[in-house]
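Using our numbering, read the sequence shown as starting at 1132 and increasing by one per residue.
Built from N, CA and C at the ideal position, the CB exists for glycine as well.
What you are looking at is a predicted structure, and each value in this text was computed from that prediction instead of being measured.
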Amino acid sequence: MLNVHNLSVSFGGEYLFEEVSFKLSPGDRTGLIGKNGAGKSTLLKLLSGDMQPDEGTLATDKDVRIGFLRQDIDFEQGFTVLEEAYKAFEEIKGLERRMEEINAALAESTDYESEAYHDLMVELSDNTHRYELLGGYNYQGNTERVLQGLGFKREEFDKLTDTFSGGWRMRIELAKLLLQNNDVLLLDEPTNHLDIESIIWLEEFLVAYSGAVVIVSHDKMFLDNVTNRTIEISLGKIYDYKKPYSEYLELRKEMREMQLNAQKNQEKQIQQTEKLIEKFRAKATKASMAQSLIKKLERTERIEVDEEDNAVMNVRFPVSVRPGKVVIEAEGVSKHYGSKEVLNDIDLLVERERKVAFVGQNGQGKTTLAKIIVGELEHGGDLKLGHNVQIGYFAQNQAEYLDGEKTVLDTMLDAANDGNRVKVRDMLGAFLFRGDEVEKKVKVLSGGERNRLALCKMLLEPFNVLVMDEPTNHLDIQSKNVLKEALNNFEGTLLLVSHDRDFLQGLTNLVYEFKDGAIKEYIGDINDFLEQRKAANFRQVEKGDPVKVTKKAETAPVKLSYEEQKKQKALRNKVSKAESRMAQLEKEIKAKDKELAENYEALSADPDFFKTYDALKKELEAVTEDWFMYNEELGEA
């Protein structure tokens, strides 16, 4: 279907990737992964024909149709949602217009025996057949189905696209793409602007899709649910395996360990051969043998270990000044957009050093309340910030506020003050903008690089309360992990809006669920929230599925105190840690067993080996006993 052979692209004399080759076939659902700036979006542009490679070829089967969802799109103004979506059917709409013209001409004609009348009838028949073949009688229903699947309500179909945010316009572009019946779909961060319901709908659509799909995404769950193949771009090379993301990571780890072991064994053999060469060189009778060994060594193909790109940004959020005990207090806060009520009589109290998650479906008011807290929106009711509160705010579209014509360095220098201007280059270096990269214009940066720059710029202002709305959009998986660690270490107050369960786990200690204009408080992190909601998983909660609860006969519900909840959480953490340690010990003991079976004679005389072996077994017994004890205490609690 699509063949890529020895594709190379360079910028400023340095290769982004070099001699890349792979093939896409029907049914391939490929996750294209790699760090921000590795070349993922560039590769999609090459596959779509938007860019030409410096070297190599790209060949497609005849009449292959390729659809490309870009990160940056331009919309013509003056069209409704439905009219914009219908642009997916250019040929069908053209046939409709021509059929209307033919019918009008036939209605005006009076000479039914003329050749012109006959030609019009033949053309109408041909066009009608073609119209039916293309699905002309079904396209309107299909369009409405796809738009509703991506979150649009029927009453919004006739609204102008100008009235929707960039995220919603991106959904319209995605709808057009899915309706075009392409053979190859290239999707660049398709889930960034979708809520959970829409993501699930898109997953189902793509799994059933018969063509080839290439997806750039940093959503691990989405990749695991949709893809059956992973291509990673790393340090100019690609690694291609027929596995979804999580399985690919395990396989890559195993492959690299095998390469390391093979390389070590080869190094030992080479060293032994070199010693023999030195030994035989000194003896005239063994000179020919030495030459033979030298030639053998020259012919040896050295085993190479795949390089790993371990560079990560270095993020630290320092607290400016210590605020009062209560940092945010809201009473009766309400917000309407026209006749639509988003928040109704909300009460909220956030204390110093709390880590708070806002969860719920899109449109339930999470971003609205965040904007009210930072002073961007007018509202009903009262909202007060505490003593010495200084807020840092990272908006969902924070990167869009950056000036594309400025360089990375100028963006920072223009926002800096006399006190921190000298630190700008060090700060950029911590966010992986090093050397000549600081002279790049913002408009050429990838989405993830722009988000990194927006995060870096935010640190120029002091704060002790951090409000972040979907900060992980566009960030690669490594960067998300680094950001999560930095937020865990942040000693101030955190308010976080996110749909990303992996990111939220273990990060917050208070959860607010937004639903139907109200909020509900849950003490603990996301896992505690899920347990309290009796939900099997985070997606079920966000999708709003009904939750089935099995009631035991004659058992009254027990409401635990805050201290009891803390005790249960501590026990669950101990159980989890014990399980992790048990798994690690079992793995180490298994490795020792294998080592003993393969090299019994040598190891049987090594007392240190058996000392370590016995210590591992004893520790496993002790940890297992602890695990049973913690589970019993948890059951009693």
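Cβ shell of residue i (< 6 angstroms), same chain only, five flanking positions each side left out
i: residue 1350; result: 1322
i: residue 1475; result: 1465 and 1648
i: residue 1564; result: 1539
i: residue 1451; result: 1521, 1593, 1594 and 1595
i: residue 1712; result: 1754
Inter-residue CB distance, residue i and residue j (contact presumed, cutoff 8 angstroms)
i: residue 1199; j: residue 1175; result: 7 angstroms
i: residue 1784; j: residue 1347; result: This structure cannot settle anything about residue 1784, because the visible part of the chain is limited to 1132 through 1768.
i: residue 1559; j: residue 1587; result: 6 angstroms
i: residue 1638; j: residue 1618; result: 6 angstroms
i: residue 1300; j: residue 1292; result: 6 angstroms
i: residue 1140; j: residue 1185; result: 6 angstroms
i: residue 1601; j: residue 1628; result: 6 angstroms
i: residue 1761; j: residue 1706; result: 5 angstroms
i: residue 1229; j: residue 1258; result: 6 angstroms
i: residue 1751; j: residue 1717; result: 7 angstroms
i: residue 1265; j: residue 1222; result: 6 angstroms
i: residue 1146; j: residue 1367; result: 5 angstroms
Best match in the options for proximity to residue i [C-alpha to C-alpha]
i: residue 1593; options: 1190, 1565 and 1550; result: 1550
i: residue 1409; options: 1395, 1424 and 1399; result: 1424
i: residue 1538; options: 1576, 1233 and 1653; result: 1576
i: residue 1134; options: 1141, 1156, 1562 and 1535; result: 1156
i: residue 1808; options: 1754, 1625, 1603 and 1745; result: The chain is shown only over 1132 to 1768; residue 1808 falls outside these bounds and no answer can be derived.
i: residue 1328; options: 1542, 1491, 1237 and 1160; result: 1491
i: residue 1226; options: 1190, 1254 and 1238; result: 1254
i: residue 1338; options: 1359, 1318 and 1352; result: 1359
i: residue 1370; options: 1472, 1498 and 1165; result: 1165
i: residue 1570; options: 1132, 1143 and 1136; result: 1143
i: residue 1511; options: 1532, 1589, 1552 and 1461; result: 1461
i: residue 1519; options: 1459, 1557, 1525 and 1553; result: 1459
i: residue 1167; options: 1383, 1645, 1609 and 1554; result: 1609
i: residue 1192; options: 1603, 1396, 1567 and 1314; result: 1314
i: residue 1132; options: 1343, 1258, 1394 and 1231; result: 1343
i: residue 1496; options: 1485, 1473 and 1513; result: 1473
i: residue 1407; options: 1391, 1396, 1390 and 1428; result: 1428
i: residue 1552; options: 1531, 1591 and 1365; result: 1591
i: residue 1163; options: 1376, 1262 and 1295; result: 1376
i: residue 1449; options: 1525, 1268, 1236 and 1622; result: 1622
i: residue 1555; options: 1589, 1525, 1515 and 1380; result: 1589
i: residue 1401; options: 1433, 1251 and 1579; result: 1433
i: residue 1603; options: 1663, 1525 and 1741; result: 1525
i: residue 1578; options: 1613, 1557, 1616 and 1527; result: 1527
i: residue 1405; options: 1745, 1426 and 1207; result: 1426
i: residue 1764; options: 1738, 1701, 1740 and 1743; result: 1701
i: residue 1312; options: 1195, 1231, 1383 and 1240; result: 1195
Other residues of its chain near residue i: CB distance less than 8 angstroms, five sequence neighbours each side excluded
i: residue 1688; result: Legend: pLDDT at residue 1688 = 40, less than 50; position of this residue unreliable, value from coordinates given subsequently. Cβ within range, chain order: n/a, list empty.
i: residue 1684; result: Any reading at residue 1684 needs caution, since the residue's pLDDT is 36, under 50, leaving its predicted position unreliable; the model's value is listed next. So the list is empty, once near-sequence residues are dropped.
i: residue 1288; result: 1211, 1212, 1213, 1275 and 1278
Nonlocal neighbours in the same chain, by C-beta distance under 7 angstroms from residue i, ignoring five residues either side
i: residue 1502; result: 1508
i: residue 1457; result: 1480, 1482 and 1517
i: residue 1636; result: 1656, 1657 and 1658
i: residue 1748; result: 1720
i: residue 1179; result: 1197, 1199 and 1317
i: residue 1306; result: 1216, 1277, 1278 and 1281
i: residue 1136; result: 1152, 1187 and 1188
i: residue 1615; result: 1634 and 1638
Cβ-Cβ distance between residue i and residue j below 9 angstroms
i: residue 1505; j: residue 1477; result: no
i: residue 1333; j: residue 1278; result: no
i: residue 1581; j: residue 1605; result: yes
i: residue 1121; j: residue 1340; result: Past the boundaries of the shown model lies residue 1121; the chain is included only from 1132 to 1768, so the question cannot be answered.
i: residue 1219; j: residue 1274; result: yes
i: residue 1543; j: residue 1597; result: no
i: residue 1345; j: residue 1330; result: no
i: residue 1446; j: residue 1546; result: no
i: residue 1357; j: residue 1201; result: no
i: residue 1645; j: residue 1489; result: yes
i: residue 1326; j: residue 1630; result: yes
i: residue 1170; j: residue 1364; result: yes
Task: Length-filtered (3 minimum) beta strand (DSSP E) runs lying within the stretch 1493-1526 - done: Considered as a whole, the stretch 1493-1526 harbours 1511-1516 and 1522-1525 as its complete beta strand (DSSP E) runs of no fewer than 3 residues, in chain order.
Task: Completely contained beta strand (DSSP E) runs for the stretch 1574-1633, where each covers 3 or more residues - done: Complete beta strand (DSSP E) runs here, min 3: 1596-1600 and 1624-1628.
- [ ] Let me know the alpha helix (DSSP H) ranges lying completely inside the stretch 1636-1661, each 4 residues or longer, listed in chain order.
- [x] Those alpha helix (DSSP H) runs which fall completely within the stretch 1636-1661 and span 4+ residues do not exist here.
- [ ] Just list the alpha helix (DSSP H) runs in the stretch 1138-1221, keeping only unbroken ones of 4 residues or longer that don't cross its boundaries, in chain order.
- [x] If we require 4 residues or more, the alpha helix (DSSP H) runs fully inside the stretch 1138-1221 come out as 1171-1179 and 1212-1216.
Open item on the list: Restricting to runs no shorter than 3 residues, where is the beta strand (DSSP E) found entirely within the stretch 1390-1477?
Closed with: Correct list: 1457-1468.
Open item on the list: My parser needs the beta strand (DSSP E) runs of 3 or more residues fully inside the stretch 1291-1333; what are they?
Closed with: Scanning the stretch 1291-1333 from its first residue to its last, the whole beta strand (DSSP E) runs of 3-plus residues come out as 1315-1319.
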